[in-house]
Amino acid sequence: FSPTTCNRSPPRRVTALSSATTTDSTSVGVGPRLAIREDFPGCQRIHSDPDIFVISGFLDPASCQDLIRRANDKGLQQSPVAYAGWTQDFKDLVELAAKGPVTWLAIGVGWWQTKDDPTAGQVELIGHMVQNFVLFMGLAIAGIGLFTKSRADQLQDLRTSTSTTLDDLNSTSKQETQGPLQFVRRTAELFTPGSSSSDSLKRQQQQDEAALFEAPTVIRYESRQVLAPHYDANRSAATEDANRGGQTLATLLVYLNDVAEGGLTRFGKLDTASPNTQLDYAQVDESQEKLCIRPKMGDALLFFPADVSGKFDERTEHEGCPAVDEKYIARIWRHQNRVPPPFGLAQDELLRV
Ligand SMILES: O=C(O)CCC(=O)C(=O)O
Ligand SMILES: [Fe+2]
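For the sequence shown, position 38 matches number 38 in mature numbering (1 follows the signal peptide of the UniProt record, and there is no 0), and the numbering has no gaps at all.
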């Protein structure tokens, strides 16, 4: 285990059985990404198709420090890990059980129950089989439920960081710096291309945009803590993420401190040597085979886990490599639809944007 490099090949995604067979880096059917303001100050593209941007100096040091301070004041807790795609996996397994073993078992046991009874006719035989099917299906569903639950529990090992959300953009403290507000404002600005020249209209557009954000999350990694390879989008977003705005169309994360060693953000399906990678950004670690970004205070990393229609883009699989030095990031997920509280920002918070 060498925490300074991040060269190991990523384990298969454990969060969706259905995706386990598709790990190549083709982008079949992935459409255009969300539009952004590419002329935003400091914005550089470090990879094309899939597009990945960094925005140098996205947040000033005071805002970064304020975000860290507020997160610590609120208290960070073990980061939650959602089992993305569990509904699809559950459905697939139930279907598999019904079409195969449960049906055969119901037929076999039904035949065995009536084989020594000369009075049993066809109706009785079918009656037994149906009864057996219902019973075995019930048992199978209970088993699959337990299996799904244990899978969800295992996932917690993949993310060992601590985190908290900051949904209060208000200046309750007497501090001048408003890290969370600044973060949401800048992100809304970045995501509002071709915005109006009228200030009030522009503000309205940015408030509408921020309504599609999950509240900022601050994540802290201490030595050896990681976030294993994963996707920020969910193949079953329409059902599982309905209460948080549906699919995640963009991830924007800001590094809140300089990190001398460890804690790279790594895209395991994107090569550093690929002609699609632009190496003019100093924080791209060229010694790594896969595209890796070194944390730098105030710099933002932006990528698109799904296309603008919500289609999952597996090329954006990424991870937070093991931390050596302490690392803090703040993250905003931009969804497809309005994200209501508790995941999103309340209406009166949005009015501050
Ligand atoms: O810590 C990192 O570099 C990546 C964080 C991340 O992927 C996430 O929070 O979803
Ligand atoms: Fe992520």
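Where is the CB? At the ideal position from N, CA and C, for every residue including glycine. Values in this document were obtained by computation on a predicted structure and should not be read as measured data.
Start and end residues, beta strand (DSSP E) containing residue i
| i | result |
| --- | --- |
| Gly268 | Thr265 to Asp271 |
| Ala98 | Note, Ala98: premise wrong, no beta strand (DSSP E); alpha helix (DSSP H) at Trp86 to Lys99. |
| Thr165 | Thr162 to Thr165 |
| Arg203 | No beta strand (DSSP E) holds Arg203; the alpha helix (DSSP H) holding it covers Asp199 to Ala210. |
| Phe53 | Ile52 to Ile55 |
| Tyr221 | Thr217 to Tyr221 |
Three-state secondary structure (DSSP) of residue i
| i | result |
| --- | --- |
| Thr23 | Legend: pLDDT at Thr23 = 38, less than 50; position of this residue unreliable, value from coordinates given subsequently. Here Thr23 sits in coil by DSSP. |
| Gln78 | strand |
| Val109 | helix |
| Val284 | strand |
| Arg12 | Only weak support is given to the placement of Arg12: the predicted model assigns it a pLDDT of 31, under 50, and the value that follows is read from those uncertain coordinates. Reduced to three states, the DSSP call for Arg12 is coil. |
| Leu169 | coil |
| Thr277 | strand |
| Val353 | coil |
| Glu261 | coil |
Extent of the continuous alpha helix (DSSP H) to which residue i belongs
| i | result |
| --- | --- |
| Gln44 | Run containing Gln44: none in the alpha helix (DSSP H); it sits in the beta strand (DSSP E), Cys43 to His47. |
| residue 364 | Outside the modelled stretch of the chain, which goes from 1 to 353, sits residue 364, for which no answer is possible. |
| Phe183 | Gly179 to Leu190 |
| Ile68 | Pro61 to Lys74 |
Contact test: residue i Cβ vs ligand 1 heavy atom, cutoff 8 angstroms
| i | result |
| --- | --- |
| Thr219 | The sequence given here has Ile at residue 219, not Thr. Yes, Cβ of Ile219 sits closer than 8 angstroms to a heavy atom of ligand 1. |
| Lys327 | yes |
| Thr265 | yes |
| Leu227 | yes |
| Pro32 | no |
| Arg334 | no |
| residue 358 | Here the chain covers residues 1 to 353 and nothing more, so residue 358 does not appear. |
Any non-hydrogen atom of ligand 2 closer than 8 angstroms to residue i Cβ
| i | result |
| --- | --- |
| His318 | yes |
| Thr251 | yes |
| His230 | yes |
Residue nearest to residue i in terms of C-alpha spacing, selected from the options
| i | options | result |
| --- | --- | --- |
| Gly100 | Gln88, Ala242, Lys74 and Met137 | Met137 |
| Ala35 | Leu302, Pro342 and Phe343 | Leu302 |
| Leu227 | Leu59, Glu319, Ser197 and Gln288 | Glu319 |
| Thr160 | Phe183, Gly245 and Glu222 | Glu222 |
| Leu212 | Trp86, Gln225 and Leu249 | Leu249 |
| Gln77 | Ala233, Arg220, Gln288 and Gly263 | Arg220 |
Residue i Cβ short of 8 angstroms to ligand 4 heavy atom set
| i | result |
| --- | --- |
| Pro295 | You won't find ligand 4 in this model; what it holds is ligand 1 and ligand 2. |
- Task: Note down, one range per segment and in chain order, each alpha helix (DSSP H) of at least 4 residues found wholly within the segment 286 to 351.
- Result: 347 to 350
- Message: Ignoring anything shorter than 4 residues, give me the alpha helix (DSSP H) runs that lie fully in the segment 229 to 259, in order along the chain.
- Response: Within the segment 229 to 259, the complete alpha helix (DSSP H) runs of at least 4 residues are 237 to 240.
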